[in-house]
Structure formats: C-alpha cells, structure tokens
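To start, the structure under review is shown below, and the notes come after it.
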Amino acid sequence: SPKGVGVFYARQASQPLLKPLIVCRGWEDRSIRSFENYNTRNLPEVLGLGVAFDFQNLVGPERRQARIFELKRYFRDRIEDDPAFAVKTPASDELSAGITTIEVVGREVREVAAALAERHHIDCRPMTSHGLNGLRISLSIFNTEDQVDLVVGALSGFAAPSTAKPDRGVSRSLDFDNLSS
Numbered sequence: 005s006p007k008g009v010g011v012f013y014a015r016q017a018s019q020p021l022l023k024p025l026i027v028c029r030g031w032e033d034r035s036i037r038s039f040e041n042y043n044t045r046n047l048p049e050v051l052g053l054g055v056a057f058d059f060q061n062l063v064g065p066e067r068r069q070a071r072i073f074e075l076k077r078y079f080r081d082r083i084e085d086d087p088a089f090a091v092k093t094p095a096s097d098e099l100s101a102g103i104t105t106i107e108v109v110g111r112e113v114r115e116v117a118a119a120l121a122e123r124h125h126i127d128c129r130p131m132t133s134h135g136l137n138g139l140r141i142s143l144s145i146f147n148t149e150d151q152v153d154l155v156v157g158a159l160s161g162f163a164a165p166s167t168a169k170p171d172r173g174v175s176r177s178l179d180f181d182n183l184s185s
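Count the sequence shown with the working numbering and you get residues 5 to 185, in order.
Here it is as structure tokens:
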C-alpha cells in the first residue's frame, strides 16, 4: 500500500548518525538521499505537496496559529466547566497548540473513541499510556466552530444527562475566499 508523504530535515552534522528505516534502492548511500523511498510512492500526494505549501504560505504562520488557538479556546470554553469532562492539557497556547486532551469522566477512553468513530465519524486518538484515560482532540485551520460543536455534542452523549452543558448556539467559520487579505 502507498506510504504517506512527509518532509524531513536533519542538520548535516547529524545525518551520519541516522539510519534508514526502509531498505530500498539507494539505502547504502551515506548521504541524506538514503532516506528517499521510491518503491511505492503515492504520486498524487507528492504532487499535492506544492499546492499544500502554497496554501500554507498564503495563510501565513501568524494567521494559522491565531486561528488554531481561537478554535482551541472555543472548544475548551465549551467543556472545561462541565463536570462530565476533565481537561488534561494546559490552557497555555505555548504548551498545547491546537491539541486538547480530555477525559470523559467515568468512561473508558478506547470505548469512547470507538463509539465516536462508529456513530459520528469523528476520529480522535485515545491516550492510555502512564494511566492517562484521555482523548486527543486536534484542531486545525480547516475546522469550523460548527464542527467543534458537533464534537462537543457527540462527547456530551457519553456524559450523564445531569452534567451535560447547554448548547450556546454560537457559530462562526473561516472564510477561505478572503485568505489573501
């Protein structure tokens, strides 16, 4: 099956310490090119990288970061005072970016993640190492407040009815037509 596409950077001084994970043509090369894998390539993803970089450059890092933080705060505002949820991630933007890990109190995280995927088509990572019982919710500039509301509503379905937070009815979305302004 095709592998994913990514970009890797390593300082030249560090490159001799690295070893390729996949043995393929050119793996014995001692340069950084030994990490290139041409065996099973997903050409549409490779060709799409340029457009993806163009889009990210159009949005810009400051606007991208501001939007992600805005969505994270919106999500946290919806859940952090609700006793059905325990927020496991620091509130500081510098410590959490667009990722928030939460626990649905009294529920096993793997069961919640499986039910979210099956019933709502919401994919999130269950975090269980070191005794953590949390769901990693990752937000990006592509998400809207309406989508965050859907996640909160789906999560609330796992909470006891007496602890569910009322719907605030707020909805905004990113205007992709005006990104260059």
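Backbone N, C-alpha and C define an ideal beta-carbon position, used for all residues, glycine too.
Treat the numbers as computed from the prediction; the structure is a model and nothing was measured.
Taking the alpha carbon of residue i as the reference point, which residue from the options has its own alpha carbon closest?
{"i": "Ala70", "options": "Ala88, Arg80, Arg82, Ala101", "result": "Ala101"}
{"i": "Val11", "options": "Arg140, Leu53, Ala90", "result": "Leu53"}
{"i": "Glu107", "options": "Glu74, Val55, Asn137", "result": "Asn137"}
{"i": "Ser18", "options": "Ile36, Leu25, Arg45", "result": "Ile36"}
{"i": "Glu40", "options": "Val55, Ala56, Leu22, Phe57", "result": "Leu22"}
{"i": "Thr105", "options": "Tyr78, Leu139, Asn147", "result": "Leu139"}
{"i": "Glu74", "options": "Pro87, Val152, Ser133, Asp58", "result": "Val152"}
{"i": "His124", "options": "Phe162, Leu143, Ser144, Lys92", "result": "Phe162"}
{"i": "Ala88", "options": "Pro94, Ser96, Arg77, Arg111", "result": "Arg111"}
{"i": "Val9", "options": "Val91, Leu51, Val116", "result": "Leu51"}
{"i": "Val63", "options": "Ser144, Ala158, Leu159, Asp150", "result": "Ser144"}
{"i": "Ser142", "options": "Cys128, Thr132, Glu149, Leu154", "result": "Cys128"}
{"i": "Leu159", "options": "Ile126, Glu149, Asp150", "result": "Ile126"}
{"i": "Ala90", "options": "Glu49, Val109, Ser96, Ile72", "result": "Val109"}
{"i": "Val113", "options": "Ser96, Pro94, Ser133, Ala95", "result": "Ser133"}
{"i": "Arg77", "options": "Glu66, Pro94, Pro65, Asn61", "result": "Pro94"}
{"i": "Pro130", "options": "Lys92, Asn46, Val55", "result": "Lys92"}
{"i": "Pro24", "options": "Ser96, Gln16, Asn61, Ser38", "result": "Ser38"}
Terminal residues of the continuous alpha helix (DSSP H) containing residue i?
{"i": "Glu40", "result": "Where Glu40 is concerned, there is no enclosing alpha helix (DSSP H), given that its DSSP letter is neither H nor E."}
{"i": "Leu47", "result": "47–63"}
{"i": "Ser100", "result": "97–100"}
{"i": "Ala118", "result": "113–124"}
{"i": "Gln16", "result": "Looking at the DSSP string, Gln16 is not in any alpha helix (DSSP H), and its letter there is neither H nor E."}
{"i": "Asp127", "result": "From DSSP, Asp127 is part of no alpha helix (DSSP H); its letter is neither H nor E."}
{"i": "Ser35", "result": "Neither: Ser35 is in no alpha helix (DSSP H) and is coded neither H nor E."}
{"i": "Ile159", "result": "One detail in the question is off: residue 159 reads as Leu in this sequence, not Ile. 149–160 is the extent of the alpha helix (DSSP H) around Leu159."}
On the CB-based measure, 16 or more other CB atoms within 10 Å of its CB, does residue i come out buried or exposed?
{"i": "Ser166", "result": "Low confidence applies to Ser166: its pLDDT is 49, below 50, so where it sits in the model is not reliable, and the reading given next is rough at best. Label assigned to Ser166: exposed."}
{"i": "Arg82", "result": "buried"}
{"i": "Leu120", "result": "buried"}
{"i": "Ala117", "result": "buried"}
{"i": "Asn147", "result": "buried"}
{"i": "Phe57", "result": "exposed"}
{"i": "Asp150", "result": "exposed"}
{"i": "Phe79", "result": "buried"}
{"i": "Pro170", "result": "With a pLDDT of 39 at Pro170, under the threshold of 50, the modelled position of this residue cannot be trusted; read the value that follows with caution. Under this definition Pro170 is an exposed residue."}
{"i": "Asp86", "result": "buried"}
{"i": "Val155", "result": "buried"}
In the DSSP assignment, the beta strand (DSSP E) including residue i goes from what residue to what residue?
{"i": "Ser142", "result": "138–142"}
{"i": "Glu107", "result": "103–108"}
{"i": "Ala90", "result": "89–91"}
Does the CB of residue i have a neighbour CB from chain C at under 8 Å?
{"i": "Thr132", "result": "In the structure shown, chain C does not exist; there is a single protein chain."}
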